[in-house]
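Below you'll find the structure, written out as structure tokens, and then a few comments.
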Amino acid sequence: MKYMKKVTVFLMVLLITVLMAGATSAFAYDFPKPKLPEDSVTTSKTEKKKNKTVTVNITTDKDGNFIQKETITEKISKKGTKTVNTFIEMTEGMTYEIKESEYPSGKTISEAFLKQDGVLIQHLYELANPDNTGKLTSYSFVEGTEWYSEASRKKDGTEYSMGKADDGKGHTKLVETTTKPDGTEIYISKITNADTEYDKYEKKITYPDKSSVEIIRKMDEGSLWSVKDVRDADGTYHISSVDYSADGTEVVIDDYLYGNRPINVIEKKAFKNNKTLKTIIIKSDKITEVGKQAFKGINTDVVIKIKADESNFNRIVKLIKKSGINKKVTFERITDEEDEDIFPGL
6 MKYMKKVTVF LMVLLITVLM AGATSAFAYD FPKPKLPEDS VTTSKTEKKK NKTVTVNITT
66 DKDGNFIQKE TITEKISKKG TKTVNTFIEM TEGMTYEIKE SEYPSGKTIS EAFLKQDGVL
126 IQHLYELANP DNTGKLTSYS FVEGTEWYSE ASRKKDGTEY SMGKADDGKG HTKLVETTTK
186 PDGTEIYISK ITNADTEYDK YEKKITYPDK SSVEIIRKMD EGSLWSVKDV RDADGTYHIS
246 SVDYSADGTE VVIDDYLYGN RPINVIEKKA FKNNKTLKTI IIKSDKITEV GKQAFKGINT
306 DVVIKIKADE SNFNRIVKLI KKSGINKKVT FERITDEEDE DIFPGL
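The sequence shown begins at 6 in the working numbering and counts up by one.
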């Protein structure tokens with residue numbers, strides 16, 4: 006039983022290692038084998054027949070109790086393809102098999118299978134080409150949760166990695182990262198629930214010159230935020246756009262978001278046709294641009310509250326009206342004192 010605990014730890018380490026390999030698109034991966042106790046004893050026997058070599062390693066503990074039997078079969082085909090199959094029989098019905106093939110072209114294909122009483126627990130697959138392209142996948146079923154990860158590299162240099170977990174109860178988490186040849190990185194994280202209790206989504210785009218980072222978030226309240234973080238010519242950063250949609254009756258555009266950078270722009274069509282909102286609170290007096298139709302189609306009884314001095318209040322109201330908004334919408338200026346009353350503790 007003590008050895009089985011070590012095997013379980015080995016399985017989790019193997020899973021995490023492969024997921025990490027997938028995250029970095031690392032190929033020519035060496036599949037690990039279960040770690041044997043330090044005081045174990047192994048006896049070996051090797052037989053050679055033409056193009057095939059078979060080695061059998063039997064490992065016991067110091068008292069002679071069986072731990073595992075490892076059979077390694079090596080072959081070389083007439084075309085020069087080298088294959089190595091390693092089959093490990095462990096205690097309590099657990100087996101671990103590794104199949105590795107190396108072709109004359111330099112391409113390698115490796116697979117690993119971990120089974121319990123004949124039932125697949127984990128399957129690993131790797132294809133590595135001599136031109137540094139390839140694919141690595143991992144499937145695991147651990148304690149009721151199904152895991153899948155994948156990593157690949159294309160000829161044009163595009164790298165992709167993905168990890169997915171499913172607990173069998175409708176909860177699924179998916180993480181994807183794509184790195185393009187120009188250095189653009191696209192990161193996507195998504196959590197879903199079959200009962201629609203929550204649905205969280207985040208997409209982050211980092212551009213190669215690091216000039217901007219675009220973030221899109223969908224949270225469990227149903228709100229969808231799109232934030233673009235841009236670096237100006239002078240090297241300073243600011244939030245260039247905010248898109249929002251939700252089922253709530255109130256939304257707050259804070260004065261700072263994402264790294265304490267000021268919000269400067271409300272993107273075009275940000276609140277267009279949102280019929281659920283009753284109150285929009287703008288706490289940033291640094292708004293310099295309001296995109297076209299940002300507030301078009303909202304209800305006429307909506308109140309837009311702006312935290313700013315009188316000069317900035319009038320300026321922002323003018324920007325909003327210019328973008329296109331129903332004339333019946335009400336604008337109110339709020340001060341620091343009023344802000345504290347409306348948002349206690351903030």
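Every residue gets a Cβ at the ideal spot worked out from N, C-alpha and C, and that includes glycine.
Every value quoted in this text rests on a predicted model; they were computed, and no experiment measured them.
Cβ-based neighbour list, residue 51, same chain, cut-off 6 Å, excluding 5 preceding and 5 following: If we look at residue 51 and ignore the five residues flanking it on each side, its Cβ neighbours are 60.
Can the beta-carbon of residue 307 be found less than 8 Å from the beta-carbon of residue 285? A contact, by the Cβ cut-off of 8 Å.
How big is the Cα-Cα spacing for residue 260 and residue 292? Going from the Cα of residue 260 to the Cα of residue 292 covers about 9 Å.
Assigned secondary structure, residue 318 (DSSP; H/G/I helix, E/B strand, else coil): Helix, per DSSP.
Return yes when the Cβ of residue 132 is within less than 8 Å of the Cβ of residue 156, no when it is not. For residue 156 and residue 132, no; Cβs fall outside 8 Å.
Where the beta strand (DSSP E) containing residue 157 begins and where it ends: It spans 150 to 158 - the beta strand (DSSP E) in which residue 157 sits, taken as one unbroken run.
Which whole-angstrom value is the C-beta distance of residue 42 and residue 95, which I expect to be below 8 Å? Going by Cβ atoms, the distance from residue 42 to residue 95 rounds to 13 Å, so no, they are not a contact pair.
For residue 81 and residue 55, the rounded distance between their alpha carbons: The alpha-carbon atoms of residue 55 and residue 81 are separated by roughly 9 Å.
Helix, strand or coil at residue 129 [DSSP, three-state]: Under the three-state reduction of DSSP, residue 129 is assigned to strand.
Per DSSP, what kind of secondary structure is residue 32 in: helix, strand or coil? For residue 32, the predicted model reports a pLDDT of 37, less than 50, meaning its position is unreliable and no value from the coordinates is stated.
CA-CA distance, residue 213 and residue 167? For residue 213 and residue 167, the distance between alpha carbons rounds to 21 Å.
Between the beta-carbon of residue 103 and the beta-carbon of residue 73, is there less than 8 Å? Against a cut-off of 8 Å, the Cβ pair of residue 73 and residue 103 comes out as no contact.
Short Cβ contact (8 Å threshold) for residue 300 with residue 318: In this structure, residue 300 sits away from residue 318, with a CB-CB distance that is not shorter than 8 Å.
I need the boundaries of the beta strand (DSSP E) containing residue 297, first residue and last residue. Where residue 297 is concerned, there is no enclosing beta strand (DSSP E), given that its DSSP letter is neither H nor E.
Give the single residue among 332, 339 and 320 whose Cα lies nearest to the Cα of residue 310. The shortest C-alpha separation from residue 310 is found at 339.
DSSP three-state call for residue 292: helix, strand or coil? Judged by DSSP in its simplified three-state form, residue 292 adopts coil rather than helix or strand.
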